[in-house]
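In the working numbering, the protein residues as written are 35 to 291. Note that CB positions come from ideal geometry on N, CA and C, so glycine has one too. Note that the coordinates shown come from a computational prediction; the quantities given were computed from them, not determined experimentally. Shown next, in C-alpha cells, is the structure this report addresses.
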Amino acid sequence: MTPDTISGKPSIILGLHPCGGTGQIYRSMTSLPSYVDMLNLVLLFPTSKSQSGMNCWDAHSAKSLKHDGGGDSQSLAGLVKTALETYNGDPNKVFVVGASSGAMEANVLAATYPDLFKGAASWSGVPAACWAGSPMSTPMSSDLSCPLGQKASTYTAQQWADLAHSCDPGYNGTYPKMMVVHGTADTAVTVNNLGAQLAQWGEVMGLEFSKNVSNTPVAGWKRIDYGDGTLLRGYEVAGGGHIPAFQGDELLKFWGL
35 MTPDTISGKP SIILGLHPCG GTGQIYRSMT SLPSYVDMLN LVLLFPTSKS
85 QSGMNCWDAH SAKSLKHDGG GDSQSLAGLV KTALETYNGD PNKVFVVGAS
135 SGAMEANVLA ATYPDLFKGA ASWSGVPAAC WAGSPMSTPM SSDLSCPLGQ
185 KASTYTAQQW ADLAHSCDPG YNGTYPKMMV VHGTADTAVT VNNLGAQLAQ
235 WGEVMGLEFS KNVSNTPVAG WKRIDYGDGT LLRGYEVAGG GHIPAFQGDE
285 LLKFWGL
C-alpha cells in the first residue's frame, strides 16, 4: 500500500499478521492505512504460507534465527529491501510491527536484521529466539514453554540478550527502538513475556527500567519506560486479552513519524 503521490523518500512499515491470519486481515486490524498519505508511508502486509497451513511465521528454526540464514526472517528482510529500492525509501525510516506470531517475528527481525530496521513493535509477542529448540512456533507445538511463560519466568536478562546477539553475532551497531504491548489476561501468550522482552532489549541496549506512567495512552494502559523511554518502552494492558487494541498514534509517535 502506497500514498497516492509519493513525495521524497517514504517510510517503509512491515506489518506481520498473527497465526491463522493473512496480510489483508492484519491490515484491517491496524489503523496504519489511514496514515499513508499524511505521513508518506509504504505499507507491506505479506502472508505467511508456512507451518502446517496455520500461516504462522517461523520464529523457531535455526534458519530463521540467523542473519541471512535462509528462513522467514531473510525472506521478509528481502521484501523490505526490495521496497526500499522500488520506492526509493528512506533507509532511516524502516519499521516492523506484528501481532502474536507476527510480534514474535518482529522480535526475530530486530535481532537478525538490526542494521535494516530502525524500529519494531510487538503486540502479544515473545523475546527474540524464545522459540529456539522448539519443533515449530505455533499453538500446536509440542513445546509451548516459550509462549506459556516458563522460559520468561526462568531466563535472566543476560540470557535473553545472548539469544538476541546470537541471531547476528557479527553485529556491533545500534538496535531498533522497541515498543512492546501485552494484556495481563492473555492466556495464549502469557504476560510475563512482556517483562522478558523488555529485559532482553534493555540488556541489549544498556537501558534500565526508569518509571511507570498510568493510563497512557488510554485508561487501563500502563506505560513502562526504560531509560528516557525514547528507545524502549512497554505497555501493560490491565485485563487485556490476546492482541490488545492497536494504538496507531502512540506507535507512530514513538517511531518518530
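Between residue 282 and residue 66, the alpha-carbon positions lie close to 6 angstroms from each other.
Bounds of the alpha helix (DSSP H) holding residue 139 are 135–146. With contacts defined as CB atoms closer than 7 angstroms, residue 287 and residue 270 fail to qualify as a contacting pair. With contacts defined as CB atoms closer than 7 angstroms, residue 134 and residue 168 fail to qualify as a contacting pair. Comparing C-alpha distances from residue 47 to each of 189, 60, 173 and 252 shows the shortest one belongs to 60.
Judged by their CB atoms, residue 44 and residue 121 are nearer to each other than the 7 angstroms cut-off. Membership of residue 268 in the beta strand (DSSP E) is indicated by the continuous run 266–271.
Under the three-state reduction of DSSP, residue 243 is assigned to strand. Proximity to residue 156 across 139, 177 and 199 peaks at 139, based on C-alpha coordinates. Taken through DSSP and simplified to helix, strand or coil, residue 185 comes out as helix. Short of 6 angstroms from the beta carbon of residue 180, and not among the five residues preceding or following it, lie these beta carbons of its own chain, in chain order: 160, 164 and 165. Here DSSP, grouped into helix, strand and coil, assigns residue 212 to strand. Collapsing the DSSP output to three states places residue 232 in a helix. If you ignore the 5 residues before and after residue 108, its C-beta comes within less than 7 angstroms of the C-beta of 102, all in its own chain and listed in chain order. Between residue 57 and residue 239, the alpha-carbon positions lie close to 31 angstroms from each other.
Judged by DSSP secondary structure, residue 73 falls within the alpha helix (DSSP H) whose first and last residues are 70–73. Bridge partners of residue 106 according to DSSP: none are assigned.
Membership of residue 255 in the beta strand (DSSP E) is indicated by the continuous run 255–260.
In the three-state scheme derived from DSSP, where H, G and I count as helix and E and B as strand, residue 66 is classed as helix.
Under DSSP, residue 45 shares a beta bridge with 75. Nearest neighbour of residue 189 by Cα position, chosen from 170, 154 and 234, turns out to be 234. Residue 150 sits in coil when the DSSP states are folded into three classes, being neither helix nor strand.
By the CB criterion at 7 angstroms, residue 198 and residue 145 fall inside the cutoff. For residue 273, the CB contacts under 8 angstroms within the same chain, skipping 5 residues up- and downstream, are 217, 218, 219 and 254 in chain order. Distance from the Cα of residue 213 is smallest, within the candidate group 114, 291, 285 and 203, for 285. One thing to note: residue 142 has its Cβ no nearer than 7 angstroms to the Cβ of residue 117. When the beta-carbon positions are compared, residue 136 and residue 50 come within less than 7 angstroms of each other.
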